[in-house]
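At the far end of the sequence shown sits residue 231, using this note's numbering, and the numbering has no gaps.
In this text, a Cβ means the ideal position worked out from N, Cα and C, and glycines have one as well.
As structure tokens, the structure follows; a few thoughts come after it.
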Amino acid sequence: MIELGIISEISGDRARVTIGSMVTDFLPVMQLANSFVRSWTPIRVGEQCAVLPIRGSLNAGIVLRGIYQSAHLAPSTDENKQICVFEDGVKISYDVSNSTLEISSPKQINITCENVNVKAKNVKVEATDTQIKSPSIKLLGNTLIQGSINTAGTGGGSGSFEINGNVKITGSISAGGDAKFGGSVSDSRGDLTNHTNNGYARD
């Protein structure tokens, strides 16, 4: 006969179940899969479960877990959502009504792989601090930076900024060092290349 009970002791992937006044031997606990996908979800004392007897013996049975109880209620009863909530608050949900996958973590998410490809119509990243570490970064398209740009070399030393192409600046330019030009220099009144004005200010 199938019996309902509470997991009372754990040993690896096996558990003892309290059924009334009876406590079973350590029994195997069913997981999601063990072939094409091998799945492991840690077992917890206090889980309500069912014991499926083998040849009529509960002590030779297997534990079927995942039965909701007052101490562990369903995270949702929304008919459009698949939800997984971990005991530390991490939540993964998929809503078929709007085709939205959500991952919520109170701490961090780590992804390690050889290549990452992201293709989307719009991408938004919001953070208090963003770091990208790469020996080479390419931006293939128009780039708008709404804020200042600072460069620094290795170890915080002076950095460099190189542009291959034309530069148009609307505003003033300030330099804390020498300015060197490989071509002609002109202002609104004409060519300044090689112009000295005998050491006097240009009139």
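Apply the 10 Å Cβ neighbour rule to residue i and answer buried if 16 or more other Cβ atoms are within range, or exposed otherwise.
| i | result |
| --- | --- |
| THR198 | exposed |
| CYS77 | buried |
| ILE95 | exposed |
| VAL57 | buried |
| GLU60 | Checking the sequence shown, residue 60 turns out to be Leu, not Glu. It counts as exposed. |
| LEU55 | buried |
| LEU101 | exposed |
| LEU168 | exposed |
| LEU172 | exposed |
Are residue i and residue j touching if we call contact CB-CB under 8 angstroms?
| i | j | result |
| --- | --- | --- |
| ARG93 | GLU115 | no |
| THR52 | ARG44 | yes |
| GLY175 | GLY181 | no |
| VAL73 | GLY33 | no |
| ILE35 | ILE71 | yes |
| PRO103 | GLY117 | no |
Kindly give me the distance between the Cβ atoms of residue i and residue j, rounded to whole angstroms, as I take these residues to be in contact under 8 angstroms.
| i | j | result |
| --- | --- | --- |
| SER132 | LYS119 | 4 angstroms |
| SER127 | LYS109 | About 12 angstroms separates the two Cβ atoms, so there is no contact after all. |
Of the residues the options, which one's Cα is nearest the Cα of residue i?
| i | options | result |
| --- | --- | --- |
| ILE30 | LYS109, GLY175, ILE90 and SER176 | ILE90 |
| VAL113 | SER36, SER214, SER125 and GLU130 | GLU130 |
| ASN87 | PRO103, THR69, MET50 and THR105 | MET50 |
| GLY211 | VAL146, SER164 and ASP219 | ASP219 |
| ILE38 | THR69, SER63, PHE64 and THR105 | THR69 |
*asked:* At 3 residues or longer, what runs of the beta strand (DSSP E) sit wholly inside the region 65-114?
replied: 76-82, 85-93 and 109-113, all fully within the region 65-114.
_Ordered list of beta strand (DSSP E) runs contained in the region 164-222, each at least 3 residues_ = For the region 164-222, not a single whole beta strand (DSSP E) run of length 3 or above is found.
_Completely contained beta strand (DSSP E) runs for the region 113-156, where each covers 3 or more residues_ = Counting only runs of 3 or more, we get 119-123 and 128-132.
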